[in-house]
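Protein chains in written order, with the UniProt record's numbering: chain A, 1 to 137; chain B, 1 to 137. C-beta: ideal position from N, C-alpha, C; glycine also. Keep in mind the model is a prediction, meaning the values are calculated, not measured.
There are 2 protein chains.
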Amino acid sequence: MTDAPAIPDFSRGVDGLLPAIAQDAGSGRVLMLAWMNPQAWQETLETGQATYWSRSRGKLWRKGETSGHRQRVTEIRVDCDADTILLSVEQTGAACHDGYASCFYRTIQSDGSATVADSRLVDPNDVYGKGSDAPSA
Amino acid sequence: MTDAPAIPDFSRGVDGLLPAIAQDAGSGRVLMLAWMNPQAWQETLETGQATYWSRSRGKLWRKGETSGHRQRVTEIRVDCDADTILLSVEQTGAACHDGYASCFYRTIQSDGSATVADSRLVDPNDVYGKGSDAPSA
Chain A
1 MTDAPAIPDF SRGVDGLLPA IAQDAGSGRV LMLAWMNPQA WQETLETGQA TYWSRSRGKL
61 WRKGETSGHR QRVTEIRVDC DADTILLSVE QTGAACHDGY ASCFYRTIQS DGSATVADSR
121 LVDPNDVYGK GSDAPSA
Chain B
1 MTDAPAIPDF SRGVDGLLPA IAQDAGSGRV LMLAWMNPQA WQETLETGQA TYWSRSRGKL
61 WRKGETSGHR QRVTEIRVDC DADTILLSVE QTGAACHDGY ASCFYRTIQS DGSATVADSR
121 LVDPNDVYGK GSDAPSA
């Protein structure tokens, strides 16, 4: 007898981390991708606020704790392999630390070059302070 | 003088792989997450068909080459850190090898349990053959 795989299955992650996609519950826009470990997952379930694991800072990242740009989670889904998480969220302010609504503000042309396609919602300097180290994934 | 970082920046990936999200161009539904290496990226740009790197099989994965369930790419975006790719796609058939339109066919309840929330589009046995090893990420 074998136990059913855990959902989500963090053993399938790289360094125990699984990718988590945040999608705007209203517009359907994909806002960002960050990472979760079991602690971030549990806190997200318990608080209803998106909580990630910051790979760059090596600590729990309560989205919006610096900027106030929180994400209230309205639905959570997992994929077929139980190794990717999809959050529907109500986003306060800008999801992106560069001040855009979505981190995916650049399109790629057929020659591989990148173009900024969106407008900034906020000035990151106003949110994080000038020269500050804005949180990222 | 330093060169601008490459877009996307595969040096930021784990084992040189970056996550790539496929989103339905029409409905906005998030269909799946898979992985890309530079070869998969180049082939996607050149052919306009989503091509990934299969971690489980260790080879290039031309989405739909077994099932016919291809993804025609209508737009490509990258995120602020240039380490996540977002494809808008026109999906033929079911994105998920379990036969669902999206791999994210299960919702998670507040107690952490998973519930199948969608209906199957196709029977995977009809697509991949009975007992076959359907491609996955």
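Could you tell me whether any Cβ in chain A is nearer than 7 Å to the Cβ of B/Pro5?
Residue 5 of chain B sits at position 5 when you count from the first residue of the second sequence. So no, B/Pro5 is outside the interface.
May I have the straight-line CA-CA distance separating B/Asp118 from B/Tyr105, to the nearest angstrom?
Residue 118 of chain B sits at position 118 when you count from the first residue of the second sequence. Residue 105 of chain B sits at position 105 when you count from the first residue of the second sequence. Taking the straight line from one Cα to the other gives about 5 Å.
Whose C-alpha, out of B/Ser56, B/Gly64 and B/Asn37, is nearest the C-alpha of B/Leu18?
As a working note, residue 18 of chain B is residue 18 in the second sequence. When only C-alpha atoms are compared, the closest one is B/Asn37.
First and last residue of the beta strand (DSSP E) that includes A/Leu86?
Here residue 86 of chain A refers to the residue found at position 86 when the first sequence is read from its first residue. Element bounds for A/Leu86: Ile85 to Gln91.
Burial state of B/Ala95, where buried means 16 or more other Cβ atoms lie within 10 Å:
By one-based count along the second sequence, residue 95 of chain B stands at place 95. Classification for B/Ala95: buried.
Beta-carbon contacts of A/Thr51 that lie in its chain and below 6 Å, excluding the five residues immediately before and after
On the first sequence, position 51 is the one that residue 51 of chain A refers to. Cβ within range, chain order: Ala40, Glu43, Thr44 and Arg62.
Quick one: grab the DSSP three-state call for B/Pro19.
Locating residue 19 of chain B in the second sequence gives position 19, where the first residue counts as 1. In the structure shown, B/Pro19 sits in a strand (DSSP, three-state: E or B).
Does any residue of chain B have a CB that is nearer than 7 Å to the CB of A/Ala114?
Along the first sequence, one-based indexing puts residue 114 of chain A at 114. Yes, A/Ala114 counts as interfacial toward chain B.
Cross-chain neighbours of B/Ser110 in chain A, by beta carbon under 8 Å:
Counted from its first residue, the second sequence places residue 110 of chain B at position 110. Residues of chain A passing the Cβ test: Leu45.
State buried or exposed for A/Gln91, treating a residue as buried only when at least 16 other CB atoms are found within 10 Å of its CB.
Along the first sequence, read from residue 1 onward, the residue named residue 91 of chain A stands at position 91. It counts as buried.
Would you verify that the beta carbon of B/Val127 is, or is not, closer than 7 Å to some beta carbon of chain A?
Within the second sequence, residue 127 of chain B is the residue found at index 127, counting from 1. For B/Val127, the answer is no, since every Cβ of chain A falls outside 7 Å of its Cβ.
If the criterion is Cβ atoms closer than 7 Å, does the pair A/Val30 and B/Leu86 meet it?
Against the first sequence, residue 30 of chain A aligns to sequence position 30. Against the second sequence, residue 86 of chain B aligns to sequence position 86. Contact: yes.
Cβ shell of B/His69 (< 8 Å), same chain only, five flanking positions each side left out
Position 69 of the second sequence, counted from the first residue, corresponds to residue 69 of chain B. The answer, listed in chain order, is Lys63, Gln91, Thr92, Gly93, Ala94, Ala95 and Val127.
Which residues in the same chain have their Cβ closer than 8 Å to the Cβ of A/Gln109, if we skip the five residues on either side of it in sequence?
The count along the first sequence starts at 1 and reaches residue 109 of chain A at position 109. Excluding positions up to five away in sequence, the list reads Thr115.
Taking only beta-carbon atoms, is B/Thr84 less than 7 Å away from chain A?
As a working mapping, residue 84 of chain B is identified with position 84 in the second sequence. Cβ-Cβ to chain A under 7 Å: yes for B/Thr84.
Counting only the same chain and skipping the five closest in sequence on each side, list residues whose C-beta sits under 6 Å from that of A/Gln23.
If you number the first sequence from 1, residue 23 of chain A lands on position 23. Counting only Cβ-Cβ distances below 6 Å, and skipping sequence neighbours, we find Val30 and Ser88.
Looking at chain A, is there any beta carbon in it that lies within less than 7 Å of the beta carbon of B/Gly16?
Translated into the one-based positions of the second sequence, residue 16 of chain B becomes position 16. It does not: the Cβ of B/Gly16 has no partner Cβ on chain A nearer than 7 Å.
Using only CA atoms, which one of A/Ile76, A/Gln49 and A/Thr107 lies nearest to B/Cys80?
Here residue 80 of chain B refers to the residue found at position 80 when the second sequence is read from its first residue. Considering only alpha carbons, the answer is A/Thr107.
What's the gap between the Cα of B/Ile21 and the Cα of B/Met32?
Taking the first residue of the second sequence as 1, we reach residue 21 of chain B at position 21. Taking the first residue of the second sequence as 1, we reach residue 32 of chain B at position 32. If I take the Cα positions, the gap works out to 6 Å.
How should A/Arg77 be labelled, buried or exposed, when 16 other C-beta atoms within 10 angstroms of its C-beta is the threshold for buried?
In the first sequence, the residue the question calls residue 77 of chain A occupies position 77. It is buried - the Cβ of A/Arg77 has at least 16 other Cβ atoms within 10 Å.
A/Cys103 beta carbon near the ligand COA (any heavy atom closer than 6 Å)
In the structure shown, the ligand COA is absent, as is every other ligand, since no ligand is present at all.
CA nearest to the CA of A/Asp98, picked from B/Asp98, B/Ala82, B/His97 and B/Ser113
As a working note, residue 98 of chain A is residue 98 in the first sequence. Among B/Asp98, B/Ala82, B/His97 and B/Ser113, the Cα nearest to that of A/Asp98 is on B/Ala82.
Separation of B/Tyr100 from B/Asp9, as counted between CA atoms:
Counting from one through the second sequence, the residue named residue 9 of chain B turns up at place 9. Counting from one through the second sequence, the residue named residue 100 of chain B turns up at place 100. Those two C-alpha atoms are separated by around 32 Å.
Rounded to whole angstroms, what is the Cα-Cα separation between B/Thr66 and B/Ser102?
Stepping through the second sequence from its first residue, residue 66 of chain B is reached at position 66. Stepping through the second sequence from its first residue, residue 102 of chain B is reached at position 102. Their backbone Cα atoms lie some 17 Å apart in a straight line.
Just to confirm, are B/Ala34 and B/Thr74 a CB contact at a threshold of 7 Å?
Position 34 of the second sequence, counted from the start, is the residue given in the question as residue 34 of chain B. Position 74 of the second sequence, counted from the start, is the residue given in the question as residue 74 of chain B. The answer is no: Cβ separation not under 7 Å.
Terminal residues of the continuous alpha helix (DSSP H) containing A/Gln42?
As a working note, residue 42 of chain A is residue 42 in the first sequence. Pro38 to Thr47 is the span of the alpha helix (DSSP H), which, as asked, contains A/Gln42.
Could you give the residue range of the beta strand (DSSP E) that holds A/Tyr52?
The residue labelled residue 52 of chain A in the question sits at position 52 within the first sequence. Note, A/Tyr52: beta strand (DSSP E), Thr51 to Ser54.
Could you check the C-alpha separation between A/Ser113 and B/Ala6 for me, to the nearest Å?
On the first sequence, position 113 is the one that residue 113 of chain A refers to. On the second sequence, position 6 is the one that residue 6 of chain B refers to. Each residue's Cα considered, the two are about 10 Å apart.
Could you check whether B/Gly58 and A/Gly28 sit closer than 7 Å to each other, using their CB atoms as the reference points?
Here residue 28 of chain A corresponds to residue number 28 of the first sequence, with the count starting at 1. Here residue 58 of chain B corresponds to residue number 58 of the second sequence, with the count starting at 1. No, the pair does not count as a contact, with Cβ atoms beyond the cut-off.
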